[in-house]
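First comes the structure, then the notes that go with it.
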Amino acid sequence: MSVAGGPVDPALPRLGEGVQLGEGVTFGAYVVVHAGTSIGAGCAIEDHVTLGKPPRLSAHSQASRAKPDALLLDAGVSVGTGAVVFAGAKLGAGAIVGDQAYVRERSRIGAGSVVGRGTVVDNDVTIGERVRVQTDVYLTARSIVEDDVFVGPRAVTTNDQTMARHAGEELRGALLRRACRVGAAAVLLPGVEVGEEAFVAAGSVVTRDVPARTLVMGTPARVVRAIADAELLENWR
Amino acid sequence: MSVAGGPVDPALPRLGEGVQLGEGVTFGAYVVVHAGTSIGAGCAIEDHVTLGKPPRLSAHSQASRAKPDALLLDAGVSVGTGAVVFAGAKLGAGAIVGDQAYVRERSRIGAGSVVGRGTVVDNDVTIGERVRVQTDVYLTARSIVEDDVFVGPRAVTTNDQTMARHAGEELRGALLRRACRVGAAAVLLPGVEVGEEAFVAAGSVVTRDVPARTLVMGTPARVVRAIADAELLENWR
Amino acid sequence: MSVAGGPVDPALPRLGEGVQLGEGVTFGAYVVVHAGTSIGAGCAIEDHVTLGKPPRLSAHSQASRAKPDALLLDAGVSVGTGAVVFAGAKLGAGAIVGDQAYVRERSRIGAGSVVGRGTVVDNDVTIGERVRVQTDVYLTARSIVEDDVFVGPRAVTTNDQTMARHAGEELRGALLRRACRVGAAAVLLPGVEVGEEAFVAAGSVVTRDVPARTLVMGTPARVVRAIADAELLENWR
Chain A
2 MSVAGGPVDP ALPRLGEGVQ LGEGVTFGAY VVVHAGTSIG AGCAIEDHVT LGKPPRLSAH
62 SQASRAKPDA LLLDAGVSVG TGAVVFAGAK LGAGAIVGDQ AYVRERSRIG AGSVVGRGTV
122 VDNDVTIGER VRVQTDVYLT ARSIVEDDVF VGPRAVTTND QTMARHAGEE LRGALLRRAC
182 RVGAAAVLLP GVEVGEEAFV AAGSVVTRDV PARTLVMGTP ARVVRAIADA ELLENWR
Chain B
2 MSVAGGPVDP ALPRLGEGVQ LGEGVTFGAY VVVHAGTSIG AGCAIEDHVT LGKPPRLSAH
62 SQASRAKPDA LLLDAGVSVG TGAVVFAGAK LGAGAIVGDQ AYVRERSRIG AGSVVGRGTV
122 VDNDVTIGER VRVQTDVYLT ARSIVEDDVF VGPRAVTTND QTMARHAGEE LRGALLRRAC
182 RVGAAAVLLP GVEVGEEAFV AAGSVVTRDV PARTLVMGTP ARVVRAIADA ELLENWR
Chain C
2 MSVAGGPVDP ALPRLGEGVQ LGEGVTFGAY VVVHAGTSIG AGCAIEDHVT LGKPPRLSAH
62 SQASRAKPDA LLLDAGVSVG TGAVVFAGAK LGAGAIVGDQ AYVRERSRIG AGSVVGRGTV
122 VDNDVTIGER VRVQTDVYLT ARSIVEDDVF VGPRAVTTND QTMARHAGEE LRGALLRRAC
182 RVGAAAVLLP GVEVGEEAFV AAGSVVTRDV PARTLVMGTP ARVVRAIADA ELLENWR
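Here the protein sequences come in this chain order: A, B and C.
Quick note: to get this note's numbering, add 1 to the position in the first sequence (first position is 1).
Quick note: to get this note's numbering, add 1 to the position in the second sequence (first position is 1).
Quick note: to get this note's numbering, add 1 to the position in the third sequence (first position is 1).
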């Protein structure tokens, strides 16, 4: 590891104070790395990326105001063109943050997981390993996504039943259990739990918990049938 | 106020002709400020921001072809990483434009309002004060959003009933009355008015006007009940 | 045409090896053009654009791993602020790629077509001529969009019925026939065909093929009526 200083040339990244770089890190053009960020060996940081952005909270945000830790990228992470990753996030080995995506403070992305182009991972989200989050998904603050989950493009999660009117209540994000699949453009109401190996059809509006190993669809989503043994993840990897 | 000239160093913003800067403005890296933009005291402009972009209209756009005025940022505005704000927009004191968001020509954002990450404010939109627009909302051209409105993540508004087939007709954006709340991923058909203190549930498709102080949900959205006195905004701020 | 070399000044674009530039190309600030990209006469490349990005595929991506051809922009193309266009894409004469939009490898955008702000054109998508794709649309891999189609804001297409569980099966994108119109936030299930001059209402979830010249709406979308002769495209251009 080495410690790098300020800017030198537009072809080089702009590195803040105390940035740590592992062996063989590659940078695209016009990259900004804020102070204290730690980038593991073999990471690939593409054009126009911003790493380690300090949070700037609005007056009514319920996110923590404590100064977050530094951003930590384990070995072999790649961060795509135009993506923004905040201070306090932690990306596991080999994780991929897609182009133009967005990952906020205190979120965790497990080893080998992929966050798609334009996807938003809000603050305090926990994503397990081998998770595949597709294009333009919105994972609201305090969501939990367990290992091997698949989330389709444009799925939306929410965490505030009152839409900002009961500021004292706790926000409840989505809870996506191991190996569940959430379809494209599905909408999950606050605090919904999707069970293990469950399947939420594209375009569903999920207002209640989804039992493990069931297929739900519709507005509001209802159970249509069980997931067959042949469809379990263990048969497809 | 001072008037600044051309580029100097990659660490400094690229300032066009006649840019006006108030006291204590801060800039991130790789910022572009187009000619004539006026930035008030204490504004914070983050990495990779583009301010004062001149519109480039397609041949069939119905937006005005008159040259817009300069972009005007009142004191204490912040513009997040990677955001794009056009010439002709006006941002009120203390307004926040989120990261990767987008605000077009002749739109107005009132004092103290927040436009979330990735949200699109199309041309000729008027947003009042203390409005909270969450992540990835789409506010179509000519929409009006009154004071104290809350718009949930991924809500979508529309303004063209014919989808470009009746070019002579006037486009009609959404009209969101004071203190209404529009849920996540709700879809509003062209010209819909959401009444004062009304509540549109997440995932609804709103095809008709929503009466004041009612809760609507479903596809198409229907009135479910009235909003209780205890839920009015005056009790929650 | 001329061949340009490496970076010179932050005010100039960073041009990779063998980039071809036609007459009168204009560049905004902080532009990156990767090796081999060919930019036709009169193209306008705005601030913070990335052109010719090489694909970086995840381990489980089904996109081709063959090295794509160079990115090719015909004369008069414009690429908006912050947009990313990959190597191997081809943009026809006068096409417009909106601000913050995203176009992947081996996709084709026909002459005079417009791809809106923030829209994603995934790999191997074919878009015809005079197509209008609005803001924040998601066109999944292997979709086909014929001439004169209109796609409303936030429409979503999908291509994988099993959500990654049957990796051997072929992905089937959307097929949008000539002059059809797809409404805002509509969701199209994998492999759906929307017929010529058909109209999909905003917020619909389309689970089956849509017959030509019909209007469909709802969840799941059903045929409501035929499209009248007076509504055919030939009467509106």
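Beta carbons: idealized from backbone N, C-alpha and C, even for Gly.
In DSSP terms, what residue i is bridged to
| i | result |
| --- | --- |
| residue 51 of chain B | B/33, B/85 |
| residue 15 of chain B | B/33 |
| residue 158 of chain B | B/189 |
| residue 227 of chain B | B/215 |
| residue 45 of chain B | B/27, B/79 |
| residue 194 of chain B | B/176 |
| residue 127 of chain B | B/109, B/145 |
| residue 58 of chain B | The partner list for residue 58 of chain B (beta bridge, DSSP) is empty, contrary to what the question assumes. |
| residue 201 of chain B | B/183, B/217 |
| residue 118 of chain A | None, per the DSSP bridge assignment. |
| residue 91 of chain C | C/73, C/109 |
| residue 206 of chain B | B/188 |
| residue 104 of chain A | A/86, A/122 |
| residue 134 of chain B | B/116, B/152 |
| residue 140 of chain A | A/122 |
| residue 39 of chain C | C/21, C/73 |
Nearest candidate by alpha-carbon position, reference residue i, set the options
| i | options | result |
| --- | --- | --- |
| residue 180 of chain A | A/96, A/43, A/232 | A/232 |
| residue 163 of chain A | B/57, B/16, B/40, B/203 | B/203 |
| residue 129 of chain A | A/91, A/25, A/23, A/71 | A/91 |
| residue 87 of chain B | B/109, B/237, B/105 | B/105 |
| residue 70 of chain C | C/94, C/190, C/46, C/125 | C/125 |
| residue 68 of chain C | C/227, C/140, C/36, C/103 | C/36 |
| residue 119 of chain C | B/101, B/112, B/134 | B/101 |
| residue 47 of chain B | B/26, B/65, B/66 | B/26 |
| residue 155 of chain A | A/173, A/175, A/65, A/186 | A/186 |
| residue 73 of chain C | C/199, C/63, C/54 | C/54 |
| residue 182 of chain C | C/209, C/159, C/216, C/208 | C/216 |
| residue 133 of chain B | B/143, B/111, B/141 | B/111 |
| residue 151 of chain C | C/114, C/64, C/236 | C/114 |
| residue 240 of chain B | B/178, B/93, B/33 | In the structure as shown, chain B starts at 2 and stops at 238, and residue 240 of chain B therefore has no counterpart that could be examined. |
| residue 191 of chain A | A/198, A/184, A/176, A/201 | A/176 |
| residue 1 of chain B | B/214, B/136, B/224 | Not covered by the structure: residue 1 of chain B. The range shown for chain B is 2 to 238. |
| residue 23 of chain C | C/213, C/94, C/56, C/138 | C/94 |
| residue 117 of chain B | B/108, B/98, B/144, B/50 | B/98 |
| residue 235 of chain B | B/50, B/219, B/161, B/197 | B/197 |
| residue 148 of chain B | B/107, B/127, B/122 | B/127 |
| residue 28 of chain B | B/13, B/19, B/17, B/20 | B/13 |
| residue 109 of chain C | C/82, C/135, C/146 | C/146 |
| residue 189 of chain A | A/219, A/60, A/165, A/214 | A/219 |
| residue 38 of chain A | A/103, A/52, A/31 | A/52 |
| residue 49 of chain B | B/66, B/21, B/103 | B/103 |
| residue 143 of chain A | A/194, A/221, A/20 | A/194 |
| residue 227 of chain A | A/238, A/166, A/212 | A/212 |
| residue 57 of chain B | B/131, B/82, B/30, B/89 | B/89 |
Residue i: first and last residue of the uninterrupted beta strand (DSSP E) it sits in
| i | result |
| --- | --- |
| residue 215 of chain B | 215 to 218 |
| residue 21 of chain C | 20 to 22 |
Proximity test, residue i beta-carbon vs the ligand MG heavy atom, cut-off 7 angstroms
| i | result |
| --- | --- |
| residue 199 of chain C | In the structure on display, the ligand MG does not appear, and there are no ligands present to speak of. |
Beta carbon proximity, residue i to chain D, threshold 8 angstroms
| i | result |
| --- | --- |
| residue 83 of chain A | Absent from the structure is chain D; the protein chains it does hold are A, B and C. |
Worksheet entry | At least three beta-carbon pairs within less than 8 angstroms, the segment 72 to 88 of chain C to the segment 36 to 46 of chain A | no
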